[in-house]
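Chemist: Before we start, here is the structure in question, set down as structure tokens.
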Amino acid sequence: MHFPSTVLRLREQAFSNSQHHVPCFHSLAAHYCRVAPQRHLAHVSSYSDNPIVFFTACTYRRKAILDDAQCHEILRSIWTDSARNGWWVGHYILMPDHVHFFARPEVDGQPMAKWIQMWKGVSSRRIAKAFNLPPPIWQADYFDHYLRSTESYSQKWDYVEQNPVRAGLVERFEDWPYRGTSHDLML
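Under numbering that gives the first Met the number 0, the first residue of the sequence shown carries the number 0, and numbering increases by one thereafter.
Here it is, written out as structure tokens:
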């Protein structure tokens, strides 16, 4: 697997002289959610003014709470309304303990970290109240990956939507009820 020199340089800077665990770069999203390191890579800036970004966010301590119709509705409604904050969420899939989704910022949208903090905060309050759960609901950080083309978006989604099948949760991805599309990001 090849990584741009900028990403490798940021990784080296973030973990140089550090005794913290360095995430496995070959399966960064999966490994990142298993054991959140105390120090994280800096989120790399955009390749364009209006990129599509792939996100993975995990529940705190990988608690399996997201494969539920009420959680699905909470997140779907937040992401549908998030366009008010300058971010459009496209395809998404909820797994029991993490979520994958694609989003695209408007040129004048909120900074990524602020927007992520907003939807995590709102969803945490709603999920905690709905299920009488103590906070936190989400791990503090998240994984993001800027897609370089619309073809990359389609290919990544084709792979991600198979996650419930690979996890043995359903036989066909079409049978997984906790997925959808809030907005068409290809417009």
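We put the beta carbon where it would ideally sit given N, CA and C, even for glycine.
#1: Buried or exposed for residue 106, please, with buried defined as at least 16 other CB atoms from any protein chain shown within 10 angstroms of its CB.
#2: From what residue to what residue does the alpha helix (DSSP H) around residue 165 run?
#3: Residue 153: buried (16+ other C-beta within 10 angstroms of its C-beta) or exposed?
#4: How do the stretch 47-59 and the stretch 90-102 stand: do at least 3 beta-carbon pairs fall below 8 Å, yes or no?
#5: Under the DSSP definition of a beta bridge, which residues are partnered with residue 180?
#6: Going by CA-CA distance only, name the one from 178, 183 and 182 that's closest to residue 69.
#7: Run through the DSSP bridge pairs and tell me what residue 79 is partnered with.
#8: Considering Cα atoms alone, identify which of 133, 67, 122 and 76 is closest to residue 182.
#9: Return the first residue and the last residue of the beta strand (DSSP E) that residue 103 is part of.
#10: Do residue 115 and residue 127 have their C-beta atoms closer together than 7 Å?
#11: Closest by CA to residue 73, which one among 93, 140, 146 and 149?
#12: So, does the CB of residue 83 fall closer than 7 Å to a CB anywhere in chain D?
#13: Measuring straight from C-alpha to C-alpha, what distance separates residue 63 and residue 123?
#14: In terms of residues, what are the limits of the beta strand (DSSP E) holding residue 139?
#15: If you compare alpha carbons, which of 119, 147, 141 and 142 is closest to residue 134?
#16: Run the CB neighbour count on residue 141, radius 10 Å, all protein chains shown included, and call it buried at 16 or more, exposed below.
#17: Is residue 169 helix, strand or coil by DSSP?
#18: Assuming residue 184 and residue 87 make a contact with CB atoms under 8 Å, what is their CB distance in whole Å?
#19: State the Cα-Cα distance for the pair residue 61 and residue 161, rounded to the nearest angstrom.
Modeler: Considering the structure as presented:
#1: exposed
#2: 162-165
#3: exposed
#4: Touching, yes.
#5: 90
#6: 178
#7: In the DSSP output, where bridge partners are listed per residue, residue 79 has none listed.
#8: 76
#9: 97-104
#10: At the C-beta level, residue 115 and residue 127 stay beyond 7 Å of one another.
#11: 93
#12: Given the protein chain composition of this structure (a single chain), no chain D is represented.
#13: 14 Å
#14: That residue, residue 139, is in no beta strand (DSSP E); it is neither H nor E in DSSP.
#15: The shortest C-alpha to C-alpha distance from residue 134 to any of 119, 147, 141 and 142 is the one to 119.
#16: Under a 10 Å Cβ-count criterion, residue 141 is classified as buried, with 16 or more other Cβ atoms of the shown protein chains found around its own Cβ.
#17: coil
#18: 6 Å
#19: 20 Å
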